[in-house]
Structure formats: C-alpha cells, structure tokens
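First residue of the sequence shown? That's 7 in my numbering, and the numbers climb one at a time after it.
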Amino acid sequence: MRATFVRTLLVAVVALATFGCSVEHRVTGPLPWRTPPAADSPTNAIRLFEWGWDHRDLAPFENLLATDFRFVFALGDSAGNPFQDVPIDREAMIGCLGRLFVGGGLASPATSISLTLDPALKAGPDSRGGKNGIWHKEILTSVDLAIVTEDGAEYRVMGNARFFVVRGDSALIPPESGVGRDSTRWYLERWNDETLQDAAAMALDPAGRRGLLAPLPSQPVTWGRLLALYYWGPR
Numbered sequence: 007m008r009a010t011f012v013r014t015l016l017v018a019v020v021a022l023a024t025f026g027c028s029v030e031h032r033v034t035g036p037l038p039w040r041t042p043p044a045a046d047s048p049t050n051a052i053r054l055f056e057w058g059w060d061h062r063d064l065a066p067f068e069n070l071l072a073t074d075f076r077f078v079f080a081l082g083d084s085a086g087n088p089f090q091d092v093p094i095d096r097e098a099m100i101g102c103l104g105r106l107f108v109g110g111g112l113a114s115p116a117t118s119i120s121l122t123l124d125p126a127l128k129a130g131p132d133s134r135g136g137k138n139g140i141w142h143k144e145i146l147t148s149v150d151l152a153i154v155t156e157d158g159a160e161y162r163v164m165g166n167a168r169f170f171v172v173r174g175d176s177a178l179i180p181p182e183s184g185v186g187r188d189s190t191r192w193y194l195e196r197w198n199d200e201t202l203q204d205a206a207a208m209a210l211d212p213a214g215r216r217g218l219l220a221p222l223p224s225q226p227v228t229w230g231r232l233l234a235l236y237y238w239g240p241r
C-alpha cells in the first residue's frame, strides 16, 4: 500500500515538473509586441513602423517620421507619376495612413492589416552619398502585407522595402512632437518601395485603362500603388 502511494506520488511530481518546464518554455519564448516598441535603435524604429501597420495605429508615425521624410515609388510603378513634382512627404504619408487605418477618404478603410517583415532585421551604413554611418543607417527587408477593407476588397503586397533611418541628434524633428535632439531615438527619413507588382492582375477602370479602382480579390499591388489609392482615391 505504502509502495503504491510512493509510486503515485513520484508520477505526480514528474508530471508536474514536466508541465512546469513546458509552461516556462512558452512564457520565455519569443512573444509578439503587445505595446509599441521604443524606437531606440535602427531596427526597433522599423519594428515600430511594423507595429503601427499591424495595429492600424497612426500615433507611432507622428513621432517616427522625420520632418524631411520621403516615400519613393518602386522603379517603373506608374502610380508614382502624379508624385513626380509633389512627393509623398511626411504630411501626405500621415494623411494616407489615417485614411487607410481609420477612414475619411474615398477608398474604404481597412478592417484587417497584417504586415510581416524579416524576423531578424539588419542595419548597415546608409549607402547614399554624403551620409555618415554613425548617424544614418539603412535596412533592407522582405515585405508581406495583407489588407482587407470594409467593402471586402483584399490587397497583397510582396517584395522588398528599403528604409533609411537617422539618429535623433542628427534628424530633422517635427516641432510639434515636443521631442528634442536625442541620440537614443531613431527616425524614419526615407522609405524606398521595392515591392513587385503583377500588372496583369491590376483592375481596369470603366474606360479600360489601368487604374486605382477597388481591386480584384487578393489583388497584388505595389506598396506605392496602395498608398496612392489612399492619397487620391479611386481614379
């Protein structure tokens, strides 16, 4: 009887220890960001960018985009034609994202956004001429972006994006942010779209021209064309 009790107790102890180990593994493993990451490094600045898209939250971008921020369209992307003289700058980008995340524009806002960048982002010296690698960094990452809108449209953006970030003690910081020059903060200065587009899948407007209409289901688009849709509205 006593031997049976001891064996039962040992089995219970082993089971509890095994369960405890499994719980510890789940808790200490990689976890998604539950709150916005601090832009305290080049890579974390881009993680904050990713977090803002995933959570459809405009607030992070107001303190992430430098005053001289520019979005550059993918080479050959016709959606960039209207922006040759007026690029998508900081103010325009915040407007685009606001209409995409919340609404208020001609295109239907998103009900679901999933953005996946490289699991391990790597920052290197800024390859642009005249940029000091201490204050200016460059990050190239793959992109997988899926969006569903209120009217049921689905967009898919895949390819690459190249980000240029600048340290806070060298950045042009928006005065309204109330943040001074700070070497522990990083800002997004330039975003180059390098996503690819399946032109054959683009929707046609009623006149038969390539346009920015509501897409076909799961329509592949460039990131630039998506932003142009929320800048201009359907054309």
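Glycine residues also receive a C-beta, built at the ideal position from the N, C-alpha and C atoms. Please read these numbers as outputs of a predicted model, since none were measured by experiment.
**Request:** Between the Cα of A45 and those of L235, T201, R173, W192, spot the shortest distance and give me the residue it belongs to.
**Result:** Counting from 1 along the sequence shown, the entry for residue 45 is found at position 39. The candidate whose alpha carbon is nearest that of A45 is W192.
**Request:** Measuring alpha carbon to alpha carbon, tell me which of N50, E56, L121 ends up nearest D150.
**Result:** Walking along the sequence shown from the start, residue 150 turns up at place 144. Residue L121 is the option with its Cα nearest to D150.
**Prompt:** I think L194 touches F55, with their Cβ atoms under 8 Å apart; what is that distance to the nearest whole Å?
**Reply:** Position 188 of the sequence shown, counted from the start, is the residue given in the question as residue 194. Position 49 of the sequence shown, counted from the start, is the residue given in the question as residue 55. The Cβ separation is near 6 Å, so the contact holds.
**Message:** Between which residues of its own chain and G111 is the CB-CB distance below 7 Å, once the five residues before and five after are set aside?
**Reply:** One-based indexing of the sequence shown puts residue 111 at position 105. Closer than 7 Å at the Cβ level, and outside the excluded window around G111, lie R105, Y236, G239.
**Message:** Can you look up W229 in the DSSP assignment and give me helix, strand or coil?
**Reply:** As a working mapping, residue 229 is identified with position 223 in the sequence shown. W229 falls in the helix class under three-state DSSP.
**Request:** Whole angstroms is fine: what's the gap from T41's alpha carbon to A116's?
**Result:** Along the sequence shown, one-based indexing puts residue 41 at 35. Along the sequence shown, one-based indexing puts residue 116 at 110. So the alpha carbons of these two residues sit roughly 21 Å apart.
**Request:** Take every Cβ of the segment 72-84, pair it with every Cβ of the segment 165-181, and state whether three or more of those distances are shorter than 8 Å.
**Result:** yes
**Asked** Between which two residues does the beta strand (DSSP E) carrying F169 extend?
**Response** As a working note, residue 169 is residue 163 in the sequence shown. Note, F169: beta strand (DSSP E), 160-173.
**Request:** Rounded to whole angstroms, what's the CA-CA distance from S118 to R62? Just pull it up for me.
**Result:** By one-based count along the sequence shown, residue 118 stands at place 112. By one-based count along the sequence shown, residue 62 stands at place 56. Going by the C-alpha atoms only, they are around 8 Å apart.
**Prompt:** Excluding sequence positions up to five away, which residues of its chain have a Cβ less than 7 Å from the Cβ of A206?
**Reply:** The count along the sequence shown starts at 1 and reaches residue 206 at position 200. For A206, the predicted structure reports a pLDDT of 34, less than 50, and the residue's modelled location is therefore unreliable. A value from the coordinates is still provided. If we look at A206 and ignore the five residues flanking it on each side, it has no Cβ neighbours.
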